[in-house]
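Data block below; observations after.
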Ligand SMILES: [Zn+2]
Ligand SMILES: [Zn+2]
């Protein structure tokens, strides 16, 4: 996410730094007027089915697979709402009880234990602008409902831990645009060493990671794409095709390999988490564009303690995690 993704409301223009000096407060007592982002999480369960009335049963099954099976299936959704604004006299962006009630009234009470198809006008397929209740279309509909009541900057909606959508609010965002992320994993071995250096020199740089026979990791891979929510399907791009692409281009060739020897790119490029993430971004950028979306981000978690992130749309030195990270950190 570019810094423009996180746009504070105009009234929140107070500088973030505080002098803390005694020569008069640059902001009010209890931090009044200083800007901050807060997040609130809420859960609900709902069902849906992916079936368009304008195409045949066979076409629905070909297009949406198991998701097209009647009478549908359900998910335990997890919603994270990120809000920004200046602190009030009580030292809060908003009173959390107000936030909780707005989310309950606008989102979780109307959706919980319901079937999403047709439930809101956005998902009424008898209307020309109606869409299927996909993760990204639902995130957008939730954002639309909360924005009049809360200073929303971003919405994240998890359909399950391996599939989620983000929608940004504010002047920098596009009205029908969303981000969709999928998470998968592969296991691989590597050795961190530069061929041109001696073993002692490599160990001085890479430590144990330079040991001659290598070691392995269970890599967690997150791929985030950005695009416009399409009419009717409610999708940024064909989800099954995206999952298949990541499987075929990355997971299948990388899984259970020794990266240095089995993946030609790493014969001459040290396979650090950074370089693996960059190579994955290079492999996926063009085929994701062919699906009609843009690769936004590759996140490769090598261990619970380290991960590499590549923001594929941004010039590398301009990469700055923004609003999505505010949500992800919850
Ligand atoms: Zn589903
Ligand atoms: Zn390693």
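Residue numbers (my numbering): 650 to 979. Glycine included, each C-beta is placed from N, C-alpha and C at the ideal position.
- prompt: beta strand (DSSP E) containing residue 815: first to last residue?
  reply: Here the question's residue 815 lines up with position 166 in the chain shown. 812-817 is the span of the beta strand (DSSP E), which, as asked, contains residue 815.
task: For residue 886, name the three-state secondary structure that DSSP assigns.
output: Translated into the one-based positions of the chain shown, residue 886 becomes position 237. It is coil, neither helix nor strand.
- prompt: When a residue counts only if its C-beta is closer than 7 Å to some heavy atom of ligand 2, which residues count, in chain order?
  reply: 839, 841, 858, 864, 866, 951
- prompt: Between residue 692 and ligand 1, is the CB less than 8 Å from at least one heavy atom?
  reply: Start at 1 with the first residue of the chain shown, and residue 692 comes out as number 43. Residue 692 Cβ: outside cutoff for every heavy atom of ligand 1.
query: Can residue 727 be considered in contact with ligand 1, in the sense that its beta carbon sits closer than 8 Å to one or more heavy atoms?
result: As a first step, residue 727 must be located in the chain shown, where it is residue number 78. Flag unset: Cβ of residue 727 not near ligand 1.
message: Quick check on DSSP: helix, strand or coil for residue 962?
response: For the purposes of this step, residue 962 is taken as the residue at position 313 of the chain shown. DSSP places residue 962 in coil when its eight states are reduced to three.
message: Could you check whether residue 780 and residue 880 sit closer than 9 Å to each other, using their CB atoms as the reference points?
response: Here residue 880 is taken as the residue at index 231 of the chain shown, counted from 1. Here residue 780 is taken as the residue at index 131 of the chain shown, counted from 1. Less than 9 Å divides the Cβ of residue 880 from the Cβ of residue 780.
- prompt: Among residues of its own chain, excluding the 5 on either side of residue 914, which ones have a beta-carbon nearer than 7 Å to its beta-carbon?
  reply: Here residue 914 refers to the residue found at position 265 when the chain shown is read from its first residue. 928, listed in sequence order.
- prompt: Is the beta carbon of residue 808 within less than 8 Å of some heavy atom of ligand 1?
  reply: Taking the first residue of the chain shown as position 1, residue 808 is located at position 159. Correct: residue 808 has its Cβ closer than 8 Å to ligand 1.
query: DSSP puts residue 807 in a beta bridge; with which residues?
result: Stepping through the chain shown from its first residue, residue 807 is reached at position 158. Note: residue 807 sits in a beta bridge opposite 727, 813.
message: If I measure Cβ to Cβ from residue 930 and keep anything under 6 Å in the same chain, skipping five residues before and after, which residues do I get?
response: In the chain shown, residue 930 corresponds to position 281, counting from 1. Correct list, in chain order: 947, 959, 961.
query: Any heavy atom of ligand 1 within a distance shorter than 8 Å of the CB on residue 699?
result: Residue mapping note: residue 699 aligns to position 50 of the chain shown, counting from 1. Yes.
- prompt: Looking at C-alpha atoms only, which residue of 698, 725, 726 is the closest neighbour of residue 714?
  reply: Numbered from 1 along the chain shown, position 65 holds the residue referred to as residue 714. Looking at the Cα atoms, 698 is the closest of the given residues.
- request: May I ask you to check if the CB of residue 716 is nearer than 8 Å to at least one heavy atom of ligand 1?
  value: Your numbering for residue 716 matches position 67 in the chain shown. Yes, the beta carbon of residue 716 sits closer than 8 Å to at least one heavy atom of ligand 1.
query: What first and last residue would you give for the alpha helix (DSSP H) that runs through residue 924?
result: Locating residue 924 in the chain shown gives position 275, counting from the first residue. From DSSP, the alpha helix (DSSP H) with residue 924 extends over 922-939.
task: Apply the 10 Å Cβ neighbour rule to residue 754 and answer buried if 16 or more other Cβ atoms are within range, or exposed otherwise.
output: Your numbering for residue 754 matches position 105 in the chain shown. Burial call: exposed.
- prompt: Can we say the segment 853-868 touches the segment 750-770, given the rule of at least three CB pairs closer than 8 Å?
  reply: At 8 Å Cβ cutoff, the stretches do not touch.
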